[in-house]
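Chains as they are written, first to last, in this note's numbering: chain A, 16 to 179; chain B, 460 to 660.
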């Protein structure tokens with residue numbers, strides 16, 4: 016035991032050599048200044064932001080902590096989310112059905128395009144070309160324009176200010 | 460670089476608690492005083508754990524910044540010194556765990572007093588079989604041996620044999636009982652003795 020103790024004494028003397036390892040002169044003056052500069056520059060603001068976020072989203076932190084503690088739970092949650100997404104995409108492409116089993120798409124009949132009363136008043140002149148979902152623009156002939164009526168007799172007369 | 464064990468003198472304690480109170484209110488000047496008071500000891504511990512000056516610099520800064528941010532949660536159950544020490548130690552242990560491969564050593568130079576230290580001179584005297592070894596070689600071998608210890612064992616040796624902290628304070632910092640500290644210290648010394656056998660004959 017005494018030999019062991021003696022050896023430990025020698026070892027402790029050797030380990031004490033580490034006390035002599037010193038950083039460059041003036042290093043500690045710079046260290047304190049750097050810490051203060053970092054604190055003043057924004058680490059405080061970041062900390063406050065995180066704290067504010069933490070107060071508002073503590074449930075998210077708890078969820079995150081739970082996932083970190085149980086990776087299997089995180090995996091199951093991820094798979095569930097993926098499953099929901101796949102199901103959502105799949106069912107969004109399926110036609111909706113009514114209770115009787117008739118597809119809504121089949122029951123739907125396209126309604127004729129609504130034409131303004133103005134166009135109806137010129138029904139004889141206007142030729143409405145077929146409007147469909149691929150050609151929604153109504154081709155109304157220019158002849159049906161209101162401006163054609165401006166020159167009709169009895170409706171308007173040019174005014175002259177020269178003495179007759 | 461040597462650290463004295465924390466001496467619980469009443470006047471400095473009051474001053475420390477006052478500084479902590481002011482720092483808690485956002486007084487950066489007060490916190491600067493606290494940093495200057497303990498930075499050498501905190502840096503030394505981190506440095507001896509990592510054997511790398513740059514890593515120690517980063518970790519020490521991070522530890523003090525985290526301590527300031529968490530100052531509101533400091534209850535005062537222990538001294539601020541022990542509390543900030545724990546933060547630094549935990550940060551260092553996490554860093555060492557995340558570091559997959561050992562990075563190159565970045566050792567500090569030996570203090571000029573080392574050559575005049577009788578204990579160290581004795582180690583490289585004619586009595587040692589490796590008398591050709593200079594202090595620098597000894598320093599490298601010692602750091603290599605330290606790095607072969609597990610983090611927990613290295614920490615105990617650093618805190619006790621290098622920093623000079625008592626077992627009770629180490630137990631507080633490491634959050635374990637004094638018996639565990641003693642047994643870890645004994646095991647770590649045995650391991651070190653095996654690694655450095657050539658230099659201890």
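Cβ coordinates follow ideal geometry from the N, Cα and C atoms, glycine included.
This one's a predicted model, so the numbers in the text were calculated from it and none came from an experiment.
Verify whether the separation of the beta carbon atoms of residue 501 (chain B) and residue 543 (chain B) is less than 9 Å. As a first step, residue 501 (chain B) is located in the second chain; it is residue number 42 there, counting from the start. As a first step, residue 543 (chain B) is located in the second chain; it is residue number 84 there, counting from the start. Against a cut-off of 9 Å, the Cβ pair of residue 543 (chain B) and residue 501 (chain B) comes out as a contact.
For residue 568 (chain B), does the three-state DSSP call read helix, strand or coil? The residue given as residue 568 (chain B) occupies position 109 in the second chain. Strand.
Could you tell me the distance, in whole angstroms, from the CA atom of residue 44 (chain A) to the CA atom of residue 496 (chain B)? If you number the first chain from 1, residue 44 (chain A) lands on position 29. If you number the second chain from 1, residue 496 (chain B) lands on position 37. About 11 Å.
Which ranges would you report for the alpha helix (DSSP H) in the region 34 to 58 of chain A if only whole runs of at least 4 residues count? 42 to 53
List the residues of chain B that residue 49 (chain A) touches, going by C-beta distances under 7 Å, in chain order. Counted from its first residue, the first chain places residue 49 (chain A) at position 34. By Cβ distance, chain B contributes 520.
Taking the alpha-carbon of residue 556 (chain B) as reference, which of B:483, B:610, B:546 has the nearest alpha-carbon? As a working mapping, residue 556 (chain B) is identified with position 97 in the second chain. Among B:483, B:610, B:546, the Cα nearest to that of residue 556 (chain B) is on B:610.
Are the Cβ atoms of residue 29 (chain A) and residue 658 (chain B) separated by less than 9 Å? As a working mapping, residue 29 (chain A) is identified with position 14 in the first chain. As a working mapping, residue 658 (chain B) is identified with position 199 in the second chain. Residue 29 (chain A) places its beta carbon less than 9 Å from that of residue 658 (chain B).
Closer than 9 Å, CB to CB, is residue 83 (chain A) near chain B or not? Residue 83 (chain A) sits at position 68 when you count from the first residue of the first chain. No, because no Cβ of chain B sits closer than 9 Å to the Cβ of residue 83 (chain A).
Proximity below 9 Å, CB of residue 512 (chain B) to CB of residue 622 (chain B): The count along the second chain starts at 1 and reaches residue 512 (chain B) at position 53. The count along the second chain starts at 1 and reaches residue 622 (chain B) at position 163. Not in contact: residue 512 (chain B) and residue 622 (chain B) (Cβ atoms no closer than 9 Å).
Is the beta carbon of residue 37 (chain A) less than 9 Å from the beta carbon of residue 567 (chain B)? For this step, residue 37 (chain A) is matched to residue 22 along the first chain. For this step, residue 567 (chain B) is matched to residue 108 along the second chain. Yes; because the gap between Cβ atoms is below 9 Å, this pair is in contact.
Compare the C-beta of residue 39 (chain A) against all C-beta atoms of chain B and say whether one is closer than 9 Å. On the first chain, residue 39 (chain A) is found 24 positions in, with the first residue counted as 1. Taking Cβ atoms only, chain B reaches closer than 9 Å to residue 39 (chain A), which makes this a yes.
Please identify the residue among B:620, B:627, B:486, B:535 whose C-alpha is closest to the C-alpha of residue 23 (chain A). The count along the first chain starts at 1 and reaches residue 23 (chain A) at position 8. Looking at the Cα atoms, B:620 is the closest of the given residues.
Work out the CA separation of residue 549 (chain B) and residue 95 (chain A) for me, nearest whole Å. As a first step, residue 95 (chain A) must be located in the first chain, where it is residue number 80. As a first step, residue 549 (chain B) must be located in the second chain, where it is residue number 90. Roughly 36 Å between the two C-alpha positions.
Who are residue 511 (chain B)'s beta bridge partners in DSSP? Translated into positions along the second chain, residue 511 (chain B) becomes position 52. Note: residue 511 (chain B) sits in a beta bridge opposite B:565.
Nearest chain A C-beta to residue 548 (chain B) closer than 9 Å, yes or no? To locate residue 548 (chain B), count along the second chain from 1; it is residue 89. No, residue 548 (chain B) does not count as interfacial toward chain A.
Let me see if you follow: with CB-CB separation under 9 Å, is residue 23 (chain A) close to chain B or not? By 1-based counting over the first chain, the position of residue 23 (chain A) is 8. Closer than 9 Å to some Cβ of chain B, the Cβ of residue 23 (chain A) qualifies, so yes.
Output the distance between the C-alpha atoms of residue 646 (chain B) and residue 655 (chain B), rounded to the nearest integer angstrom. As a first step, residue 646 (chain B) must be located in the second chain, where it is residue number 187. As a first step, residue 655 (chain B) must be located in the second chain, where it is residue number 196. Between residue 646 (chain B) and residue 655 (chain B), the C-alpha separation is close to 14 Å.
Nearest to residue 527 (chain B) by CA position, among B:489, B:639, B:624, is which residue? Translated into positions along the second chain, residue 527 (chain B) becomes position 68. When B:489, B:639, B:624 are compared, the shortest CA-CA separation from residue 527 (chain B) is found for B:489.
In chain order, what residues of the same chain lie with their CB nearer than 8 Å to the CB of residue 138 (chain A), ignoring the 5 residues before and after it? Here residue 138 (chain A) is taken as the residue at index 123 of the first chain, counted from 1. Low per-residue confidence applies at residue 138 (chain A): pLDDT is 48, beneath 50, and the placement is therefore not dependable enough to give any value.
Check whether the Cβ of residue 540 (chain B) lies closer than 9 Å to any Cβ atom in chain A. Indexing the second chain from 1 puts residue 540 (chain B) at position 81. So no, residue 540 (chain B) is outside the interface.
Between B:529, B:536, B:522, which lies nearest to residue 546 (chain B) when the distance is taken from Cα to Cα? Within the second chain, the letter at position 87 stands for residue 546 (chain B). Residue B:522 is the option with its Cα nearest to residue 546 (chain B).
Distance cutoff 9 Å, beta carbons only. Does residue 491 (chain B) sit that close to anything in chain A? As a first step, residue 491 (chain B) is located in the second chain; it is residue number 32 there, counting from the start. With 9 Å as the cut-off, residue 491 (chain B) counts as an interface residue toward chain A.
Under 9 Å between the Cβ atoms of residue 628 (chain B) and residue 644 (chain B)? Your numbering for residue 628 (chain B) matches position 169 in the second chain. Your numbering for residue 644 (chain B) matches position 185 in the second chain. In this structure, residue 644 (chain B) does not lie closer than 9 Å to residue 628 (chain B) by Cβ.
Short of 7 Å in beta carbon distance, which residues of its chain neighbour residue 591 (chain B), apart from the five on each side in sequence? Order them along the chain. The count along the second chain starts at 1 and reaches residue 591 (chain B) at position 132. Because the pLDDT of residue 591 (chain B) is 49, which lies under 50, any placement of that residue in the model is unreliable, and the question is left without a value.
Which residues in chain B have a C-beta closer than 8 Å to the C-beta of residue 96 (chain A)? List them in chain order. Counted from its first residue, the first chain places residue 96 (chain A) at position 81. In chain order: nothing, as chain B lies at least about 28 Å away.
Report the rounded CA-to-CA distance for residue 586 (chain B) versus residue 600 (chain B), giving the unit in angstroms. Against the second chain, residue 586 (chain B) aligns to sequence position 127. Against the second chain, residue 600 (chain B) aligns to sequence position 141. Legend: pLDDT at residue 586 (chain B) = 48, less than 50; position of this residue unreliable, no value from coordinates given.
Under 9 Å from the C-beta of residue 648 (chain B): neighbouring residues of chain A: Indexing the second chain from 1 puts residue 648 (chain B) at position 189. Chain A residues near residue 648 (chain B): 22, 23, 26, 27, 30.
Cutoff 9 Å: residue 629 (chain B) Cβ touching any chain A Cβ: For the purposes of this step, residue 629 (chain B) is identified with residue 170 of the second chain, where counting begins at 1. Not one chain A Cβ lies under 9 Å of residue 629 (chain B).
Give me the Cα-Cα distance between residue 47 (chain A) and residue 531 (chain B), rounded to the nearest whole angstrom. Here residue 47 (chain A) refers to the residue found at position 32 of the first chain. Here residue 531 (chain B) refers to the residue found at position 72 of the second chain. When rounded, the distance between both Cα atoms is 21 Å.
Please classify residue 614 (chain B): is it buried, with 16 or more other beta-carbons within 10 angstroms of its beta-carbon, or exposed? Residue numbering aside, residue 614 (chain B) sits at position 155 when the second chain is read from its first letter. So residue 614 (chain B) counts as buried.
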